[in-house]
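Student: Below is a structure I'd like to ask you about.
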Amino acid sequence: AKAGGKDAAEFFTAEMTQRAESRMQLDADLRRALELGQFELHWQPRVSAAGGVLLGVEGLLRWQHPQRGLVSPAHFIPLAEETGLIVPIGAWVIEEACRQVAAWRAQGLPSFGVSINLSARQLRDDGLTDLVRASLLRHGVPPGVLELELTESMVMDDAERNLRQMHTLRDLGVGLAIDDFGTGYSSLAYLNRFPIDKLKIDRSFVHDMLADPTDRAITMAIIGLGHALGLQVVAEGVEEPRAAALLREARCDELQGYLFGRPMPVPAFEAWLAEREAP
Ligand code: C2E
Ligand code: CA
Ligand code: CA
Ligand code: CA
5 AKAGGKDAAE
15 FFTAEMTQRA
25 ESRMQLDADL
35 RRALELGQFE
45 LHWQPRVSAA
55 GGVLLGVEGL
65 LRWQHPQRGL
75 VSPAHFIPLA
85 EETGLIVPIG
95 AWVIEEACRQ
105 VAAWRAQGLP
115 SFGVSINLSA
125 RQLRDDGLTD
135 LVRASLLRHG
145 VPPGVLELEL
155 TESMVMDDAE
165 RNLRQMHTLR
175 DLGVGLAIDD
185 FGTGYSSLAY
195 LNRFPIDKLK
205 IDRSFVHDML
215 ADPTDRAITM
225 AIIGLGHALG
235 LQVVAEGVEE
245 PRAAALLREA
255 RCDELQGYLF
265 GRPMPVPAFE
275 AWLAEREAP
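Taking my numbering, I'd label the letters of the sequence shown as residues 5 to 283.
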């Protein structure tokens, strides 16, 4: 038993070391990825619930890894948040979103909004508003075109400070949306103080609303709450026509999900758009 205990301890240590090394490796790889330009944004459409008109696109981060292929943000954003590397990565996302929307506007495409996701670290960063302003100016993008998505929990952690930051962003003229709504610890009293335009109902409720009456009730309640507060409401994760129909009936404003389009690299999104525009 003694030997087994020792083996177990040694194994544990070896595993710990390996985990620490792979985290360090991932961190180093991420820094290199930023330098080498291995990140890209994929674009997912948001459409009006009433008419299916394209209202905007959400830029979702991908890492084009030379060996591993396309890496999902779930695999590297948590570590990047921990190490703080999300701040320069996030700055790249802001710049890239502005560059891309300027390119689309220059192509004379019908105008639509662009949203991107912010992390807690970025929201806490005092340079955020200046960074956003500089990217918008550099590419000649009107601030109203850009929308930033935050989560409730992100804001509630140090709420007063984050609220100030949200106000300076709002004063700049960019839109603010609360993402994954319903999953964080939201204080309804605070929600009323957030200078936001939109709530995005978390996709877990939307996904299960056809099968689960509780999720359907929550989805409907969020639409009612959002409208009572004068906010636009977006349902994300819409995969089925029946869900889209229910959301439309409930007067949800915008829909996003695989039913309308997956997150797509630029050429695929442009093809998607051309196909819809075709008579
Ligand atoms: P999110 O902001 O909630 O983004 C929506 C996620 O749902 C995306 O996953 C999208 O691909 C997926 N999705 C969209 N429609 C459907 C659907 O109909 N069904 C299902 N099952 N899924 C759908 P993705 O791209 O893997 O991103 C995961 C999360 O990573 C995002 O969740 C966001 O929190 C984070 N993220 C992505 N890009 C960035 C970024 O640039 N910065 C930061 N800080 N976080 C990001
Ligand atoms: Ca989002
Ligand atoms: Ca979400
Ligand atoms: Ca999320």
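From the three backbone atoms N, C-alpha and C, an ideal C-beta is built for every residue, glycine too.
If I measure Cβ to Cβ from residue 3 and keep anything under 7 Å in the same chain, skipping five residues before and after, which residues do I get?
Tutor: Examination of residue 3 is not possible in this model, given that the chain is present from 5 through 283 alone.
Student: Give me the residue from 105, 45 and 271 with the minimum Cα distance to residue 74.
Tutor: Among 105, 45 and 271, the Cα nearest to that of residue 74 belongs to 45.
Student: Does ligand 2 have a heavy atom nearer than 7 Å to the CB of residue 206?
Tutor: Checking every heavy atom of ligand 2 against the Cβ of residue 206, none is found closer than 7 Å.
Student: Among 152, 142 and 118, whose alpha-carbon lies nearest the alpha-carbon of residue 59?
Tutor: Here the closest residue by C-alpha is 118.
Student: For the alpha helix (DSSP H) containing residue 196, name the first residue and the last one.
Tutor: It is not in any alpha helix (DSSP H) - residue 196 carries neither H nor E in the DSSP assignment.
Student: Can you tell me where the beta strand (DSSP E) holding residue 179 begins and where it ends?
Tutor: Its beta strand (DSSP E) spans residues 179-185.
Student: What residue ranges within the region 209-240 form continuous alpha helix (DSSP H) runs of no fewer than 4 residues, ordered along the chain?
Tutor: Whole alpha helix (DSSP H) segments, 4+ residues: 217-232.
Student: Under 7 Å from any heavy atom of ligand 3, does the C-beta of residue 240 make it?
Tutor: Residue 240: yes, Cβ under 7 Å from ligand 3.
Student: Regarding residue 183 and ligand 3, is the C-beta to nearest heavy atom distance less than 7 Å?
Tutor: Yes - ligand 3 has a heavy atom lying nearer than 7 Å to the Cβ of residue 183.
Student: Under 7 Å from any heavy atom of ligand 2, does the C-beta of residue 85 make it?
Tutor: No, the beta carbon of residue 85 sits no closer than 7 Å to any heavy atom of ligand 2.
Student: Taking the C-alpha atoms as reference points, what is the distance between residue 8 and residue 134?
Tutor: The pLDDT assigned to residue 8 is 47, lower than 50, so where the model puts this residue is not dependable, and the model offers no usable value.
Student: Among residues of its own chain, excluding the 5 on either side of residue 235, which ones have a beta-carbon nearer than 8 Å to its beta-carbon?
Tutor: If we look at residue 235 and ignore the five residues flanking it on each side, its Cβ neighbours are 200, 201, 202 and 203.
Student: Just checking residue 258 against ligand 2 - is the residue's beta carbon closer than 7 Å to any of the ligand's heavy atoms?
Tutor: Every heavy atom of ligand 2 is 7 Å or more from the Cβ of residue 258, so no.
Student: Under a three-way DSSP split, which group does residue 57 fall into?
Tutor: Reduced to three states, the DSSP call for residue 57 is coil.
Student: Do the CB positions of residue 122 and residue 147 come within less than 8 Å of each other?
Tutor: No, these two residues do not count as a Cβ contact at 8 Å.
Student: Report yes if the C-beta of residue 76 is less than 7 Å from at least one heavy atom of ligand 1; otherwise report no.
Tutor: Yes, the beta carbon of residue 76 sits closer than 7 Å to at least one heavy atom of ligand 1.
Student: I'd like the span of the alpha helix (DSSP H) that includes residue 270, first residue to last.
Tutor: Residues 270-281.
Student: What residues in its chain sit with their C-beta under 8 Å from that of residue 281, if we drop five residues either side in the sequence?
Tutor: Taken in chain order, the residues that qualify are 114.
Student: Our contact map puts residue 53 next to residue 259 with C-beta atoms below 8 Å; I'd like the distance itself, whole angstroms only.
Tutor: Their Cβ separation, rounded to whole angstroms, is 5 Å, which keeps residue 53 and residue 259 in contact under 8 Å.
Student: Determine, using beta carbons only, whether residue 185 and residue 151 come nearer to each other than 8 Å.
Tutor: Contact flag unset, no.
Student: So, for residue 174: in the same chain, excluding its five sequence neighbours on each side, which residues have a beta-carbon less than 7 Å away from its beta-carbon?
Tutor: Cβ within range, chain order: 180 and 199.
Student: By a C-beta neighbour count over all protein chains shown, 10 Å radius and 16 as the cutoff for buried, is residue 79 buried or exposed?
Tutor: By the neighbour-count rule (16 or more Cβ atoms within 10 Å), residue 79 is not buried but exposed.
Student: Give, in chain order, every unbroken run of the beta strand (DSSP E) that is at least 3 residues long and sits entirely within the region 50-123.
Tutor: Those beta strand (DSSP E) runs which fall completely within the region 50-123 and span 3+ residues are 58-69, 73-75 and 117-121.
Student: Within the same chain, show all residues whose beta-carbon is closer than 7 Å to that of residue 100, passing over the 5 residues directly before and after it, in chain order.
Tutor: Once the five neighbours on either side are set aside, the close Cβ partners of residue 100 are 45.
Student: Please report the distance separating the alpha-carbon of residue 163 from that of residue 170.
Tutor: Roughly 10 Å between the two C-alpha positions.
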